[in-house]
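Residue numbers (the working numbering), protein chains in the order written: chain A, 152 to 495; chain B, 152 to 495. No residue lacks a Cβ here, since even glycine has one placed at the ideal position from N, Cα and C.
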């Protein structure tokens with residue numbers, strides 16, 4: 152059920168094949184990708200200039216029904232037929248929304264993703280999750296629907312601001328923590344997050360780890376839940392802090408807290424918990440969940456988490472660096488406890 | 152990919168099993184089914200009284216994003232978890248909307264359908280199509296997603312007004328025309344549409360014909376398109392007449408015209424075309440598409456039909472009674488021609 156992934160030259164070829172085979176192609180971009188990424192796409196393939204583009208506003212606050220409605224309205228006005236293709240040129244937010252709009256237009260037209268941020272290339276564009284937020288709660292409405300192709304152009308990353316790199320790199324660290332200790336070690340050898348742009352094979356490896364996990368459990372029945380490591384708390388932090396903390400930073404804090412929970416529940420050694428804490432701090436500094444927010448502020452935002460079972464929260468925790476276990480029950484008490492027993 | 156179908160006693164048992172196995176169950180009804188159908192459901196199974204119900208307004212004009220948003224809002228307020236079940240108690244419109252809301256809530260919760268109209272029992276509730284209208288154009292946004300179960304209670308049909316029977320019966324005639332000449336003949340033996348309530352096995356057979364076709368081509372790549380017989384024009388009539396003509400009556404007129412097109416294109420014998428014309432008139436009178444609307448009024452509403460290819464309209468036509476052929480190209484000229492060469 153997964154989407155085929157193509158990099159650079161292979162991605163150019165795949166794009167050309169799509170331009171030749173679909174009778175109607177539309178492109179969704181946002182104000183950033185229109186300025187910084189669309190020209191590069193035009194350079195790759197002159198035919199892309201003939202595609203009708205539609206531009207949506209950027210940002211998590213626009214990942215909602217209003218923007219979705221605008222995309223549907225665009226497809227409506229274009230009289231987009233079932234055999235159309237929607238190219239989504241953007242970060243995770245745009246790819247999530249564009250994928251959902253396409254998957255529901257006339258009961259589903261094809262879409263292809265061209266991720267333009269480190270976050271999207273290393274993580275979000277892989278695995279077929281599409282969604283919008285609802286009542287400010289993340290990804291409450293959506294679908295599992297794979298893109299027909301996912302095209303990675305490494306050059307797109309060079310114009311990214313530092314905070315985008317910080318955000319995406321968090322997911323790369325996560326992929327190491329949950330399933331590949333050697334990959335975690337390789338990331339730890341970088342001097343700073345910026346250096347990742349000189350090591351594109353590390354970005355590609357992150358996408359491949361994600362692809363491997365999602366292809367084994369496309370609909371998130373079990374294994375795939377390990378990708379939520381750090382995210383159950385991370386999403387709650389994002390909601391509770393009204394977007395003041397970026398997704399990546401929130402996930403870093405969520406992973407620190409989830410590692411702490413793993414240790415408190417006797418699953419993770421204190422040695423590994425310390426390595427994780429220091430390995431995350433190396434790149435993200437000493438800011439942590441305990442200084443960002445209180446347990447009391449955070450807990451109400453956990454109520455709507457969609458992996459929550461009725462009586463307790465459903466967490467992914469770590470057994471060691473490189474091995475995660477999904478579907479573990481964590482109580483409100485467990486969460487309050489890590490605030491009381493903070494690492495020194 | 153199709154949903155299992157259960158009738159009467161078997162449906163009661165299936166309902167009981169669902170009530171026992173889902174941790175959270177919600178029921179979607181409308182003002183009609185709340186009054187006329189919910190009490191019967193309560194009689195069947197006392198546990199259903201404990202289900203939280205949500206009532207939406209009836210009618211095609213409410214099959215839109217606003218009502219969909221209300222259903223999502225209900226699920227949000229109920230904190231509906233992924234393991235929830237949504238029971239949809241209503242006609243085709245409610246089942247289409249409830250199915251879509253469920254299939255997109257948290258990337259998909261289960262839903263079961265309890266069709267309450269002849270149209271829904273004989274046709275609409277079978278085959279996994281979910282949708283809402285968009286800009287007054289039918290079913291522009293939706294998904295193919297099968298219900299976990301479809302439960303038929305024949306008793307629900309006895310409170311239906313005559314116009315509902317007329318609407319549903321049109322689809323039963325269609326099932327005969329496109330794939331079962333013997334079934335068409337059996338329907339022709341009825342003295343009036345009302346008599347169908349004394350012949351529940353004919354209703355069941357209609358559902359079974361639909362199930363057989365949709366199970367061979369769930370995503371409507373080819374064979375399933377035969378179910379659109381009469382609908383390409385029928386939908387356009389509905390849109391062009393702003394709902395003054397019911398779906399069933401519009402489909403009858405669409406089938407008359409499509410049979411005429413089949414004849415004009417040399418596919419259908421004049422004998423069969425006459426039998427169809429008379430067989431439809433027997434139950435629906437002499438009103439036809441040619442007296443309802445002009446070709447010029449109709450054509451603009453064909454533009455948005457989602458089975459339309461770029462250069463021509465994509466039609467299902469008949470080779471004989473009981474055999475249809477999908478994916479035939481019909482031009483604007485072909486359509487104008489049948490107005491000029493009307494049967495006498």
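Inter-residue CB distance, residue i and residue j (contact presumed, cutoff 8 Å)
i              : j              : result
residue 303(B) : residue 156(B) : 7 Å
residue 240(B) : residue 267(B) : 6 Å
residue 254(A) : residue 226(A) : With a Cβ gap of about 12 Å, residue 254(A) and residue 226(A) do not count as contacting.
residue 441(B) : residue 409(B) : Wrong, their Cβ atoms sit about 13 Å apart, outside the cutoff.
residue 328(A) : residue 406(A) : 7 Å
residue 206(A) : residue 166(A) : Actually they are not in contact, since the Cβ atoms of residue 206(A) and residue 166(A) sit about 20 Å apart, beyond 8 Å.
residue 496(B) : residue 430(B) : With chain B covering only 152 through 495, there is no way to say anything about residue 496(B).
residue 264(B) : residue 301(B) : 5 Å
residue 285(A) : residue 383(A) : Not quite, the Cβ-Cβ distance comes to about 18 Å (not below 8 Å), so this is no contact.
Contacts around residue i, its chain only, beta-carbon distance under 6 Å, and the 5 residues preceding and following it disregarded
i              : result
residue 434(B) : 344
residue 279(B) : 295, 296 and 297
residue 234(B) : 174
Local conformation of residue i per DSSP, three classes
i              : result
residue 547(B) : Nothing can be reported for residue 547(B), as the shown portion of chain B is limited to 152 through 495.
residue 261(A) : strand
residue 300(B) : strand
residue 468(B) : strand
residue 348(A) : helix
residue 166(A) : helix
residue 160(A) : helix
residue 231(B) : coil
residue 241(A) : strand
residue 414(A) : helix
residue 226(A) : helix
residue 436(A) : coil
residue 177(B) : strand
residue 287(B) : coil
For residue j and residue i, the rounded distance between their alpha carbons
i              : j              : result
residue 215(B) : residue 259(B) : 19 Å
residue 275(B) : residue 368(A) : 32 Å
residue 370(A) : residue 487(A) : 31 Å
residue 283(A) : residue 375(B) : 31 Å
residue 357(A) : residue 483(B) : 53 Å
residue 173(B) : residue 200(A) : 51 Å
residue 297(B) : residue 342(B) : 35 Å
residue 191(B) : residue 178(B) : 14 Å
residue 444(B) : residue 395(B) : 12 Å
residue 459(B) : residue 306(A) : Confidence at residue 459(B) is low in this model, with a pLDDT of 48, below 50, so its placement is unreliable and the value that follows should be read with caution. Going from the Cα of residue 459(B) to the Cα of residue 306(A) covers about 39 Å.
residue 257(B) : residue 288(A) : 11 Å
residue 315(B) : residue 189(B) : 18 Å
residue 350(A) : residue 230(A) : 43 Å
residue 420(A) : residue 318(A) : 27 Å
residue 389(B) : residue 447(B) : 15 Å
residue 169(A) : residue 238(A) : 10 Å
residue 414(A) : residue 490(A) : 13 Å
residue 455(B) : residue 449(B) : With a pLDDT of 49 at residue 455(B), under the threshold of 50, the modelled position of this residue cannot be trusted, and the question is left open.
residue 277(A) : residue 478(A) : 22 Å
residue 176(B) : residue 194(B) : 18 Å
residue 398(A) : residue 321(A) : 9 Å
residue 451(A) : residue 160(B) : 44 Å
Chain B within 8 Å of residue i, Cβ atoms only
i              : result
residue 375(A) : no
residue 216(A) : yes
residue 257(A) : yes
residue 287(A) : no
residue 176(A) : no
residue 391(A) : no
residue 243(A) : no
Proximity test, Cβ basis, 8 Å: residue i and chain A
i              : result
residue 327(B) : no
residue 278(B) : no
residue 385(B) : no
residue 466(B) : no
residue 298(B) : no
residue 372(B) : no
Same chain only: Cβ atoms within 8 Å of residue i, ignoring 5 sequence neighbours per side
i              : result
residue 309(B) : 348
residue 426(A) : 472
residue 392(A) : 401, 443 and 444
residue 324(A) : 335, 338, 403, 406, 430, 431 and 434
Close Cβ partners of residue i (< 7 Å) along its chain, the five nearest in sequence each way excluded
i              : result
residue 183(A) : 209
residue 248(B) : 214, 218, 219, 222 and 283
residue 326(A) : 334, 357, 360 and 361
residue 171(A) : none
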